[in-house]
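Novice: Sharing a structure with you now.
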């Protein structure tokens with residue numbers, strides 16, 4: 006089930022993909038469940054494009070996203086590992102080493118089906 010995006014979510018989505026104005030996932034045709042996976046999997050052309058897009062986010066945006074990830078409201082499990090590494094590096098730089106480590110562990114645990 007898709008979560009309802011708030012204005013902050015849409016603002017971040019517009020910053021990451023200004024060319025995309027829809028509310029449906031461009032690959033799946035359903036409402037977005039999270040912000041980062043559709044950018045990674047359907048909007049960004051490749052790893053470098055994803056890295057460039059997420060570099061547009063502010064420290065405040067990363068604090069918000071880290072909180073959403075760690076609280077289970079932003080799901081990263083379907084993203085490729087190289088994009089997760091980018092997300093973890095951005096969180097490490099903008100938020101903290103601790104938050105980055107938690108996000109990395111959460112991703113690995115979800116990949117093993119533990120979460």
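Residue numbers (our numbering): 6 to 120.
Idealized CB from N, CA, C, for every residue including glycine.
How many angstroms separate the CA atom of residue 54 from the CA atom of residue 101?
Specialist: Roughly 24 Å separates the two Cα atoms.
Novice: Can you tell me whether residue 80 is helix, strand or coil according to DSSP?
Specialist: Coil at residue 80, not helix or strand.
Novice: When you compare only the Cα positions, how much space is there between residue 61 and residue 79?
Specialist: Whole-angstrom Cα-Cα distance: 18 Å.
Novice: Could you compute how far the alpha carbon of residue 14 sits from the alpha carbon of residue 75?
Specialist: Those two C-alpha atoms are separated by around 16 Å.
Novice: Looking at residue 92: is its Cβ nearer than 8 Å to the Cβ of residue 41?
Specialist: In this structure, residue 41 lies closer than 8 Å to residue 92 by Cβ.
Novice: Run through DSSP, which three-state label would residue 9 get?
Specialist: The answer is coil: DSSP assigns residue 9 none of H, G, I, E or B.
Novice: Report the rounded CA-to-CA distance for residue 52 versus residue 46, giving the unit in angstroms.
Specialist: Taking the straight line from one Cα to the other gives about 10 Å.
Novice: Please determine, among 88, 99, 39 and 87, the residue with the shortest C-alpha to C-alpha distance to residue 63.
Specialist: Taking only the C-alpha atoms, the option nearest residue 63 is 99.
Novice: From residue 106 to residue 112, what distance separates their C-alpha atoms?
Specialist: Near 10 Å, if we compare the C-alpha coordinates of residue 112 and residue 106.
Novice: Within this structure, are the beta carbons of residue 17 and residue 72 separated by less than 8 Å?
Specialist: No, the Cβ-Cβ distance between residue 17 and residue 72 is not below 8 Å.
Novice: Does the Cβ of residue 81 have 16 or more other Cβ atoms within 10 Å, making it buried, or fewer, making it exposed?
Specialist: The residue is buried, with at least 16 neighbouring Cβ atoms inside 10 Å.
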